[in-house]
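Structure record follows, encoded as structure tokens.
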Amino acid sequence: MKFLSKLGGALLLVALVSMLAGSVALAESPLQKVMKERGLTEKDVLAAAKTYTPTGGRDEYIVCSSGGQSGQVIFYGIPSMRILKYVAVFTPEPWQGYGFDDESKAVLAQGRINGKDITYGDTHHPSFSETDGEYDGRYVFINDKANPRLAVIDLHDFETKQIVVNPFFKSDHGGAFVTPNTEYIMEASQYAAPYSDDFVSLNDFNEEYRGGLTYWKFNNEAGRIVPDESFTFEMPPYSQDLCDAGKGPSYGWGFNNSFCSERYVGGIEKGRPPYEAGCSSKDTDFLHITNWEKAAELVAKGKVKKVNGSYMIPMDQAIEEELLFLVPEPKSPHGCDVTPDGKLIIVSGKLDSHAWVYSFEKIMKAIKDKNFDGHDPYGLPIIGLDTALERSVNVGLGPLHTQFDSVDGVCYTSIYVDSQVTKWNYRTGKILDTIPIHYNVGHLMTMEGDSKTPDGKYLVALNKLSIDRFNPVGPLHPQNHQLIDIKGSQMELLYDMPLPLGEPHYAAAIKADKLKPAVRYQTGWDSRSDKKSPYRCRAGREKTVRDGNKVDVYGTVIRSHITPETIEVYEGDTVSIHLTNMERAQDEVHGFAMYGQNVQLSIEPGKTASTTFVADKPGVYPYYCTEFCSALHLEMQGYLLVMPKGYKAKDEAIVDGVKYTKADYDAQVATNVATQDVINSVVGFITSHNYQDFATVVALVEDATDQLGFAEEAKAKSEASAKKGDYQNAMLWANQWWQYQVKTADLGLRAKTFLEQNGAKKVK
Ligand code: CUK
Ligand code: CUA
């Protein structure tokens, strides 16, 4: 009985436990509750977990995306898809002071065309600098399709350093693509045009209009393009499209496809069939193959002549020297991508459903054997399609661009018309997977996908339309970058990111740890020329220099004042204000904006930035700091006084709004003494720990020491005034002394917190 009742009790217990467990399972977890409220599936939550980056977290990859018509580039992180920075390139951008300070105006001026300022760009293809075929994190290059220009962005500070204008073209699309050691940056033209800036009738299209491909020489030490050592291949008036540089076995060669080899000239208004009909009537166009290594040797030997002041290799010379060859391509091709091993070249036909895979080895053999199918109307040798082709693969309707996986042979092609990405194997021709895209994908990009060792992992589809993917914001929609996980055998869509800046044609992603951006500049740095600024200024050396009616103000900015605080000039003066940011602390940027003069500077720690304008109207022009840099940021201010011609300043002191007494002074000093106690205790904590092992803390301590030095100077002034019984100034300087103490304490506390959170050890 006893046993039975025991058993019964045990059974009851089991039943109870299982009931309880059941009710526990029924109760929603906080996660389930959120999923239900927001209508999320388990797949959604998994996708979120793959992209979510907690506060303070970092991304594994950094993307540089073209900003399309904005003339900028966009940096964002993967997998979080958080936008980090728009970098101004061809277009003025006030936050960065780009196109507002004199230094960056000089960069934009390099991009003038026939003397005309061009204040936008149509950026298409960013390209990271490479060393031995790997992204090296030093530079990014980007083209402007509308105006044939190329820009250099230094990743040391993410600033645009140089713009070059193509000396021959009237547009460029096939840029920027770098050679494996960034010896050259490729830039192909798009719309055939005369090389001169003169009028040439369209009737002379075949004879006088030309395409071309420029190899811009890059000086890797100076970080600048050298126009004098760059050269251009004259090409037929086909529409040259995208490029890619050979690598490995194909090192020294470049490839670029083309369309409209029909050389059709439209004229819809005169009853002629339009361009789109005439430019896609033939079944094939041409892949152009150029030997840049040999061309560079000819340039070095002085065997290439200059036209318009720049080296130009005419087609006759290219034929003679065996520098330029053609291979037929599928109808209306787009994209031109060399495989990571450098052995194959993949070109897609926009109006075809195939990706065509060419063999570099076969191309070389044909060249060696002089095995040509014939010549184009300009005498360029054409290698037979069958001779050069490895295979063609049906990947879907409207294939455009191809990117590579870390797995050998695996690649991804964007399919514009079918709105999908096709994963396939270029060695076997086998289709592996497809995924629908929303909508109409243009380029796509894998991690380090243009390097010789792609990482794969993620793929971003750069989509032309977003239609219904986001909350509507009027007829102009953002573009959509879709993040896709490609680690498994099936592609999985993770995230949609709206990009509201322009149409970002192409992007490239680099491992984040390859980037080593600076925290500050050397003090007095002109970041655009990367030299010490002739206008730099040290604290205490601020001055105003007049030369005739040109006034140069050499000033400084530091929390929380602009020196000088008053600038007096006369009507008609040309005023240049040069400001140096004295800060050494991370992220302590000061801005400088002024009423009515179109002035807005961004002065990062160490930088010297200048603004020049004509003070043509007498008046009062307040100026201030535009970055909320400190508690007294709003007080970081001053006045430009433009005095009428012949105005005589009154010889009286400014009357203070408030009068202070000895009691006010004593109270302030008491506060300062108490504040100093806090500082001392923080300093005691820091110095009793191994703070020197933490670079962040060392920088904070340096900054704090500076601030404390200023506090002592103000204290001395305060005490001197008090000694003379001048409690007005004694009180004001005592307050300034306190301001510096507050900044010191703030820095000290940040350092202390950092040490506590990062396991600093006690040393004494
Ligand atoms: S282009 Cu836009 S989708 Cu300029 Cu590279 Cu192909
Ligand atoms: Cu400096 Cu606000």
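Counting from 1 along the sequence shown, just add 40 to a position and that's the residue number in this note's numbering.
Quick reminder that beta carbons are idealized off the backbone N, C-alpha and C, glycines included.
(message) Run through the DSSP bridge pairs and tell me what phenylalanine 400 is partnered with.
(response) Within the sequence shown, numbered from 1, the residue matching residue 400 stands at position 360. Answer is none; phenylalanine 400 lacks a bridge partner.
(request) Tell me whether serine 120 sits in a helix, a strand or coil according to DSSP, three-state version. (result) Mapped onto the sequence shown, residue 120 falls at position 80. Assignment of serine 120 by DSSP, reduced to helix, strand and coil, places it in the coil class.
(request) Answer yes if the segment 654 to 665 comes into contact with the segment 600 to 612, meaning at least three C-beta pairs across the two stretches below 8 Å, and no otherwise. (result) Enough Cβ pairs lie closer than 8 Å, so yes.
(request) Put asparagine 465 into one of helix, strand or coil per three-state DSSP. (result) What you label residue 465 is simply residue 425 of the sequence shown in a count that begins at 1. For asparagine 465, the three-state secondary structure derived from DSSP is strand.
(message) With the cut-off set at 8 Å, would you say phenylalanine 130 and alanine 191 are in Cβ contact?
(response) Here the question's residue 130 lines up with position 90 in the sequence shown. Here the question's residue 191 lines up with position 151 in the sequence shown. Yes; because the gap between Cβ atoms is below 8 Å, this pair is in contact.
(request) Leaving out five residues on either side along the sequence, give the residues of the same chain with a beta carbon under 7 Å from the beta carbon of aspartate 26. (result) Given a span of 41 to 804 for the chain in the structure shown, any question on residue 26 remains unanswerable.
(message) I'd like to confirm something about phenylalanine 668: is its beta-carbon nearer than 7 Å to some heavy atom of the ligand CUA, or not?
(response) The count along the sequence shown starts at 1 and reaches residue 668 at position 628. At least one heavy atom of the ligand CUA is found less than 7 Å from the C-beta of phenylalanine 668.
(message) If I measure Cβ to Cβ from histidine 478 and keep anything under 6 Å in the same chain, skipping five residues before and after, which residues do I get?
(response) Reading the sequence shown from its first residue, position 438 is the one you call residue 478. Excluding residues within five positions, the ones whose Cβ falls inside 6 Å are Arg509.
(request) Would you mind sorting lysine 802 into buried or exposed? The rule is 16 or more other CB atoms within 10 Å of its CB. (result) Here residue 802 corresponds to residue number 762 of the sequence shown, with the count starting at 1. With fewer than 16 Cβ atoms within 10 Å of its Cβ, lysine 802 is classed as exposed.
(request) Going by DSSP, name the residue or residues bridged to histidine 816. (result) The structure shown does not extend to residue 816, since the chain is modelled only from 41 through 804, so no value can be given for it.
(request) Identify whether valine 113 lies in helix, strand or coil by the three-state DSSP scheme. (result) Walking along the sequence shown from the start, residue 113 turns up at place 73. For valine 113, the secondary structure class from DSSP, reduced to helix, strand or coil, is strand.
(request) Verify whether the separation of the beta carbon atoms of lysine 402 and threonine 427 is less than 8 Å. (result) Here residue 402 corresponds to residue number 362 of the sequence shown, with the count starting at 1. Here residue 427 corresponds to residue number 387 of the sequence shown, with the count starting at 1. Yes, the pair counts as a contact, with Cβ atoms nearer than the cut-off.
(message) Does the beta-carbon of leucine 440, which I'm using as the reference point, lie nearer than 7 Å to any heavy atom of the ligand CUK?
(response) If you number the sequence shown from 1, residue 440 lands on position 400. Yes - the ligand CUK has a heavy atom lying nearer than 7 Å to the Cβ of leucine 440.
(message) Taking 7 Å as the cut-off, is the C-beta of serine 569 nearer than that to any heavy atom in the ligand CUA?
(response) Along the sequence shown, one-based indexing puts residue 569 at 529. Outside the cutoff, so no.
(request) Please state whether DSSP places leucine 787 in a helix, a strand or coil. (result) By 1-based counting over the sequence shown, the position of residue 787 is 747. In this structure, leucine 787 counts as helix in the three-state DSSP scheme.
(request) Count the C-beta pairs between the segment 579 to 596 and the segment 613 to 626 that are closer than 8 Å, then say yes if the count reaches three, no if not. (result) Pairwise C-beta distances place the segment 579 to 596 in contact with the segment 613 to 626, as three or more of them are shorter than 8 Å.
(request) Check aspartate 16 in the structure and name its three-state DSSP category. (result) Any answer about residue 16 is impossible in this case: the structure gives the chain only from 41 up to 804.
(request) Using the Cα positions of isoleucine 386 and serine 372, report the straight-line distance between them to the nearest angstrom. (result) The count along the sequence shown starts at 1 and reaches residue 386 at position 346. The count along the sequence shown starts at 1 and reaches residue 372 at position 332. Straight-line Cα distance between these residues: approximately 14 Å.
(message) What does the Cβ neighbour count give for alanine 61, buried or exposed, with the cut at 16 atoms within 10 Å?
(response) Working through the sequence shown from its first residue, we reach residue 61 at position 21. Summary for alanine 61: the model assigns pLDDT 49, below 50, so the residue's position carries little reliability; its value from the coordinates is reported in the next sentence. When all chains shown are included, alanine 61 counts as exposed.
(request) Report all residues from its chain with a CB closer than 7 Å to the CB of proline 658; omit the five preceding and five following residues, and keep chain order. (result) Residue numbering aside, residue 658 sits at position 618 when the sequence shown is read from its first letter. Residues of the same chain with a CB within less than 7 Å of the CB of proline 658, apart from the 5 flanking positions on each side, are Glu611, Val682, Met683, Pro684 in chain order.
(message) Distance check for serine 758 and threonine 784, CA to CA, integer angstroms please.
(response) Taking the sequence shown and counting its residues from 1, the one referred to as residue 784 is at position 744. Taking the sequence shown and counting its residues from 1, the one referred to as residue 758 is at position 718. Rounded to the nearest whole angstrom, the CA to CA distance from threonine 784 to serine 758 is 18 Å.
(message) Quick check on glutamine 357: does DSSP put it in helix, strand or coil?
(response) On the sequence shown, position 317 is the one that residue 357 refers to. In this structure, glutamine 357 counts as helix in the three-state DSSP scheme.
(message) Which residue wins for smallest C-alpha separation from serine 290, given the options Asp627, Val723, Thr219?
(response) In the sequence shown, the residue the question calls residue 290 occupies position 250. Minimum Cα distance to serine 290 is reached at Thr219.
(request) Whole angstroms is fine: what's the gap from isoleucine 643's alpha carbon to glutamine 136's? (result) Sequence index remark: in the sequence shown, residue 643 carries index 603 (1-based). Sequence index remark: in the sequence shown, residue 136 carries index 96 (1-based). Near 8 Å, if we compare the C-alpha coordinates of glutamine 136 and isoleucine 643.
(request) Taking tryptophan 256 as part of the beta strand (DSSP E), name the residues at either end of that continuous run. (result) Residue numbering aside, residue 256 sits at position 216 when the sequence shown is read from its first letter. It spans 251 to 259 - the beta strand (DSSP E) in which tryptophan 256 sits, taken as one unbroken run.
(message) Quick check: glycine 215 and asparagine 183, are their CB atoms within less than 8 Å of each other?
(response) Here the question's residue 215 lines up with position 175 in the sequence shown. Here the question's residue 183 lines up with position 143 in the sequence shown. Between glycine 215 and asparagine 183, the CB-CB gap stays under 8 Å.
(request) Measuring alpha carbon to alpha carbon, tell me which of Tyr249, Val367, Arg178 ends up nearest serine 211. (result) Locating residue 211 in the sequence shown gives position 171, where the first residue counts as 1. With distances taken between Cα atoms, serine 211 lies closest to Tyr249.
(request) Please go through the same chain and pick out, in chain order, the residues whose beta-carbon is closer than 6 Å to the beta-carbon of methionine 634, but skip the five residues on each side of it. (result) Within the sequence shown, the letter at position 594 stands for residue 634. Within the same chain, methionine 634 has close Cβ partners Tyr661, Tyr663.
(message) I need the boundaries of the alpha helix (DSSP H) containing serine 728, first residue and last residue.
(response) Counting from 1 along the sequence shown, the entry for residue 728 is found at position 688. For serine 728, there is no enclosing alpha helix (DSSP H), as DSSP gives it neither H nor E.
(request) Tell me whether tyrosine 546 counts as near the ligand CUK, meaning its Cβ is closer than 7 Å to at least one heavy atom of that ligand. (result) Position 506 of the sequence shown, counted from the first residue, corresponds to residue 546. With a cut-off of 7 Å, the C-beta of tyrosine 546 is classified as near the ligand CUK, since at least one heavy atom of the ligand falls inside that distance.
(message) Check whether the segment 160 to 171 and the segment 540 to 557 touch, using three or more Cβ-Cβ pairs below 8 Å as the test.
(response) Between the segment 160 to 171 and the segment 540 to 557 there are three or more C-beta pairs closer than 8 Å, enough to call the two in contact.
(message) For a test of the three-state rule: what should DSSP assign to histidine 164, helix, strand or coil?
(response) For this step, residue 164 is matched to residue 124 along the sequence shown. Under the three-state reduction of DSSP, histidine 164 is assigned to coil, being neither helix nor strand.
(message) Output needed for threonine 474: all residues of its chain with C-beta closer than 6 Å, excluding positions within five of it in sequence on either side, in chain order.
(response) For the purposes of this step, residue 474 is taken as the residue at position 434 of the sequence shown. Counting only Cβ-Cβ distances below 6 Å, and skipping sequence neighbours, we find Gln460, Thr462.
(request) Less than 8 Å between the CB atoms is what I'm expecting for asparagine 296 and leucine 253, so what's the real figure, rounded? (result) Taking the first residue of the sequence shown as position 1, residue 296 is located at position 256. Taking the first residue of the sequence shown as position 1, residue 253 is located at position 213. Contact holds; Cβ gap of about 6 Å.
(message) Excluding the 5 residues flanking leucine 148 on each side, which residues of the same chain have their C-beta closer than 6 Å to its C-beta?
(response) In the sequence shown, counting from the first residue as 1, residue 148 sits at position 108. For leucine 148, the CB contacts under 6 Å within the same chain, skipping 5 residues up- and downstream, are Gly139 in chain order.
(request) For glutamine 443, write down the residues that DSSP places opposite it in a beta bridge. (result) Against the sequence shown, residue 443 aligns to sequence position 403. Note: glutamine 443 sits in a beta bridge opposite Tyr452.
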